[in-house]
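**Student:** For what it's worth, the numbering used here labels the leading residue of the sequence shown as 1, then goes sequentially. Take a look at this one; I'll ask things after.
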Amino acid sequence: MTRRQLAATAAAAFPAAILTEAALAQRAAVPGAVPAGTVFLNANENPEGPPQEAIEAMIKILPGSGRYHYQEYKEFYATVAQSEAMDPEQLLIGSGSSEVLQAAVHAFTSPTRPLVQVYPTYESVAAVVEALNRKVVRVPLTAAHTADVKALVELSGRENAGLIYLCNPNNPTSTVTPKKDIEWLVANLPGDTVLLLDEAYIHFAETPEMESAFKYVKAGKNVVVTRSYSKIWGMAGLRAGASYARPDLTKRMEPFRNNVISIVAVRALLGGLAAAGRILPARRARYNGVRRGLCEWLAAKGAKHIDPHANFMMIDMGRDARPLLPRMISRGVAPGRHFPPMTNFMRVSIGTAADMEKFKRVFWEVYQG
Ligand SMILES: Cc1ncc(COP(=O)(O)O)c(C=O)c1O
């Protein structure tokens, strides 16, 4: 890639103030802002909610939530790490993966060490970097909506990046950056730049191109991998997430994390993890079945979409999608916000089969209208 191409890449247009996902989801939830009974397909949540085992464990601990229960955390961390075949020294638990992502920003970026990330992607990491008055360099996705790993490496070297953020599968495109590209990226990381791989949606990806980056953590690379309990686990409101990294990297992130997570979330996780072998495959099969059904329906209707690998997908509306979003909301279906520069696309989270029936009806009215 030439210097000119790189400069054009880095300067790809994006609005200065993109509202983060969380801010938009909160706005959509304002009472009176949407019709009663609105189906929320805007925040990639799992309408199935916490597993029954997690609910029962939470009910039991509620009367005991007057205490911190600090003495339980060592074993809790060991159980969580073991559930991913990782070591407790590699693990950092946060209030949602948001907290560990934020800890990585504090630990690895600085006024002289920018963030380099793909674009468009989940914007919360960049929002923290920019709030700290630190630089963010955005690298557009490839034509296949995957990470341009060559450009990420070149720009990171040139900018002396402290951190590269890559979401795999990527939000909002629901695409997977192939394992060969991730391998190349890890092998070519410049200097001490840390690669932050956000795998919040990994459980929904069935393509052989999706490979967890845990193996690079185990191999001692400069890689931090995050996981969320908000997505397939259906515990978004409980706020639990995790990162795994070489113990020295985890140690650098740890001071930026807030204390322990809620004991209610701890017990929910322990309840769920004990039955993970049954819960996760069943959930994956159910959600991916609904997703496949929607893809087939869209294809039959002649509506283009990007092949999805997570619990949400991008539909090409064939024109500027922005005016269409309020029309969907006024009919009781709330899709995701628009994601510049993909202004012709609408992102929709996969809900229950009933949610998606309502979505199809409303979508078709608006798409045709
Ligand atoms: C890619 C990605 N990472 C992280 C998060 C944050 O999730 P949580 O803090 O609930 O784990 C989200 C939320 O939508 C997301 O889409």
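Quick reminder that beta carbons are idealized off the backbone N, C-alpha and C, glycines included.
Can you tell me the Cα-Cα spacing of residue 304 and residue 297, whole angstroms?
**Tutor:** Rounded to the nearest angstrom, the two C-alpha atoms are 11 Å apart.
**Student:** Using only alpha-carbon positions, find the residue among 204, 92, 199 that is nearest to residue 212.
**Tutor:** The option with the nearest alpha carbon to residue 212 is 199.
**Student:** Using the three-state DSSP reduction, which class does residue 235 fall into: helix, strand or coil?
**Tutor:** The answer is coil: DSSP assigns residue 235 none of H, G, I, E or B.
**Student:** State the Cα-Cα distance for the pair residue 229 and residue 174, rounded to the nearest angstrom.
**Tutor:** Looking at the two C-alpha atoms, the distance is approximately 18 Å.
**Student:** The beta strand (DSSP E) that contains residue 94, what's its start and end?
**Tutor:** Segment 91-94, the beta strand (DSSP E) holding residue 94.
**Student:** Buried or exposed, going by whether 16 or more other CB atoms sit within 10 Å of the CB of residue 82?
**Tutor:** With fewer than 16 other Cβ atoms within 10 Å, it is exposed.
**Student:** CB-CB under 6 Å to residue 35, same chain, minus the five flanking residues each way: which ones, in chain order?
**Tutor:** Around residue 35: 332.
**Student:** Leaving out five residues before and five after residue 275 in sequence, what residues of the same chain have Cβ atoms less than 8 Å from its Cβ?
**Tutor:** If we look at residue 275 and ignore the five residues flanking it on each side, its Cβ neighbours are 51, 53.
**Student:** State yes or no: is the C-beta of residue 153 within less than 9 Å of the C-beta of residue 188?
**Tutor:** For residue 153 and residue 188, yes; Cβs fall inside 9 Å.
**Student:** Helix, strand or coil for residue 317 per DSSP?
**Tutor:** Here residue 317 sits in coil by DSSP.
**Student:** Is residue 101 a contact residue of ligand 1, with contact defined as CB to any heavy atom under 8 Å?
**Tutor:** Answer for residue 101: yes, Cβ within range of ligand 1.
**Student:** Got a sec? Which residues, its chain only, sit under 6 Å from residue 76 by beta carbon, not counting five neighbours each side?
**Tutor:** Excluding positions up to five away in sequence, the list reads 266.
**Student:** Spatial neighbours of residue 17 within its chain, please: CB distance less than 6 Å, with the 5 preceding and 5 following residues excluded, ordered by chain position.
**Tutor:** With a pLDDT of 41 at residue 17, under the threshold of 50, the modelled position of this residue cannot be trusted, and the question is left open.
**Student:** Compute the Euclidean distance between the alpha carbons of residue 176 and residue 93, then round it to the nearest angstrom.
**Tutor:** Residue 176 and residue 93: Cα-Cα distance of roughly 25 Å.
**Student:** What are the start and end residues of the alpha helix (DSSP H) that includes residue 361?
**Tutor:** Per DSSP, residue 361 belongs to the alpha helix (DSSP H) from 353-368.
**Student:** Tell me residue 226's beta-bridge partners as DSSP assigns them.
**Tutor:** According to DSSP, residue 226 bridges with 198, 243.
**Student:** Can you determine whether any heavy atom of ligand 1 sits closer than 8 Å to the C-beta of residue 239, and answer yes or no?
**Tutor:** Result yes, Cβ under 8 Å from ligand 1.
**Student:** Assign residue 31 to buried or exposed, taking buried as 16 or more other Cβ atoms, counted over all protein chains shown, within 10 Å of its Cβ.
**Tutor:** In this prediction, residue 31 has a pLDDT of 47, which is less than 50 and means its spatial position is unreliable; nothing more can be read from the coordinates.
**Student:** Please tell me whether, using a cut-off of 8 Å, the distance from the CB of residue 300 to the nearest non-hydrogen atom of ligand 2 is below it.
**Tutor:** Absent from the structure shown: ligand 2. Ligands present: ligand 1.
**Student:** Taking the C-alpha atoms as reference points, what is the distance between residue 29 and residue 335?
**Tutor:** The pLDDT assigned to residue 29 is 49, lower than 50, so where the model puts this residue is not dependable; a value taken from the coordinates is nonetheless given after this. Cα to Cα, residue 29 sits roughly 12 Å from residue 335.
**Student:** Does residue 255 come out as helix, strand or coil in the three-state DSSP assignment?
**Tutor:** In the structure shown, residue 255 sits in a helix (DSSP, three-state: H, G or I).
**Student:** Run through DSSP, which three-state label would residue 334 get?
**Tutor:** Correct three-state label for residue 334: strand.
**Student:** Does any heavy atom of ligand 1 sit closer than 8 Å to the C-beta of residue 171?
**Tutor:** Result yes, Cβ under 8 Å from ligand 1.
**Student:** Give a single yes or no on whether residue 287 has its beta carbon closer than 8 Å to a heavy atom of ligand 1.
**Tutor:** No, since every heavy atom of ligand 1 falls outside the 8 Å radius drawn around the Cβ of residue 287.
**Student:** Determine the closest residue to residue 311 out of 129, 185, 41, with distance taken between C-alpha atoms.
**Tutor:** It is 41 whose Cα lies nearest to the Cα of residue 311.
**Student:** Let me check understanding here. Comparing Cα to Cα, which of 328, 252, 60, 140 lies closest to residue 38?
**Tutor:** Taking only the C-alpha atoms, the option nearest residue 38 is 328.
**Student:** Three or more beta-carbon pairs under 8 Å between the region 124-131 and the region 250-257, yes or no?
**Tutor:** Counting Cβ pairs under 8 Å, fewer than three are found: no touch.
**Student:** Would you say residue 96 touches ligand 1, meaning its beta carbon is less than 8 Å from a heavy atom?
**Tutor:** Yes - ligand 1 has a heavy atom lying nearer than 8 Å to the Cβ of residue 96.
**Student:** What are the start and end residues of the beta strand (DSSP E) that includes residue 345?
**Tutor:** Where residue 345 is concerned, the enclosing beta strand (DSSP E) stretches over 345-349.
**Student:** Does the Cβ of residue 367 lie closer than 8 Å to at least one heavy atom of ligand 1?
**Tutor:** Every heavy atom of ligand 1 is 8 Å or more from the Cβ of residue 367, so no.
**Student:** Sort 156, 243, 352, 168 by Cα distance to residue 147 and report the nearest one.
**Tutor:** Nearest option by C-alpha distance: 168.
**Student:** Can you list, in chain order, the residues of its chain with a C-beta nearer than 6 Å to that of residue 171? Leave out the 5 residues immediately preceding and following it.
**Tutor:** The answer, listed in chain order, is 122.
**Student:** Please indicate yes or no: does the CB of residue 229 lie closer than 8 Å to some heavy atom of ligand 1?
**Tutor:** Correct: residue 229 has its Cβ closer than 8 Å to ligand 1.
**Student:** Quick check on residue 309: does DSSP put it in helix, strand or coil?
**Tutor:** It is coil, neither helix nor strand.
**Student:** Quick one: grab the DSSP three-state call for residue 110.
**Tutor:** It is a strand residue.
**Student:** So residue 398 is in the alpha helix (DSSP H); what residue range does that whole segment cover?
**Tutor:** Nothing about residue 398 can be read from this structure; the chain reaches only from 1 to 369.
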